[in-house]
Amino acid sequence: MSVLITGHSSGLGRALAENYLKKGKLVWGISRRTLDRSDLDLVQIEADLSDMAALKSTLNNAQDILSGRPQIVFLNAATLGPIGPMSKVTQQDIQTVMNTNVWGNKVILDWLIEKKIAPKQIILISSGAALSANYGWGPYALSKSSLNMLGKLYSQEMVNTHIISLAPGYVDTAMQEKLRAVDANSFPSMKPLHEAQGTTLMPSAEDAAREIISHVDGLRKYPTGTFVDLRHVTE
């Protein structure tokens, strides 16, 4: 089995990649940086998802490498963007986040369709922020709600692929480190995040990756195009 993972060089993406490599699976990783590993089962492609033209060119150049069909695709790469009042966020701030979190994924999905590569399953890593509209989360919340809709729309076109937008819940990554530096008095939605650190409510990236992988097959019971919160998944 082969797996394609974006943002495989850090955080949850890295944990997913390393977990699949331990299982002896072929992993294609797309990220701005590469892992310092020489696994024969790891194919790394350097690309910045926020640069759509360069991303398309990179994918075309890597076509021979990606000529096989990945059974599972994790569109995981994301950026947080600024935390602050929406009225203080610039359009450029929003566009920067949208480029990585939404439009870069569109480039990949369009490329898969163009090259007639139909994975068995595509998992878009989303967030509860897509639904909550918490104060201060503007660009990130907009991008994740857009990502959910992107998955729903493409599920009508990629009819041979099961697509899910998956919120993994709190995961202790570098993004959480940034959020822990945000004042919870000014932005109350940070309080539960801060309180979850070091508890089972905020697992490590490694534990979260194992949990996600354990549910991959079960996620196909949900209608394609659905948004799913991993914390509510039971099998």
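Counting in my numbering, the sequence shown runs from 4 upward without gaps.
Backbone N, C-alpha and C fix where the C-beta goes; we use that ideal spot for every residue, glycine too.
- For lysine 147, same chain residues with a beta-carbon under 6 Å away, outside a window of 5 residues either side, are Ser129, Ser130, Ala132, Ala133 in chain order.
- A straight line joining the alpha-carbon of leucine 52 with that of alanine 184 spans about 26 Å.
- Each residue's CA atom was taken as its position, placing serine 90 and aspartate 186 some 18 Å apart.
- For asparagine 63, the closest of Tyr225, Asp210, Gly139, Ile120 by C-alpha to C-alpha distance is Ile120.
- Runs of the alpha helix (DSSP H) lying entirely within the segment 29–81 and spanning at least 4 residues, in chain order: 55–64.
- Taken in chain order, the complete beta strand (DSSP E) segments of 3 residues or longer contained in the segment 189–238 are 229–232.
- Residue environment: threonine 9 is assigned as buried (16 or more neighbouring CB atoms within 10 Å of its CB, all protein chains considered).
- Taken in chain order, the complete beta strand (DSSP E) segments of 3 residues or longer contained in the segment 77–162 are 124–128.
- In the displayed model, alanine 170 falls within a strand according to three-state DSSP.
- By the C-beta density criterion, valine 110 is buried, having at least 16 other C-beta atoms within 10 angstroms.
- A contact is defined here as three or more CB-CB pairs under 8 Å, and the segment 73–92 meets this definition with respect to the segment 136–143.
- Looking at the DSSP output, valine 6 sits in a beta bridge with Val30, Ile75.
- In this chain, the alpha helix (DSSP H) harbouring alanine 177 covers 177–183.
- Between the segment 208–216 and the segment 14–27, the count of C-beta pairs closer than 8 Å reaches three or more; the two stretches touch.
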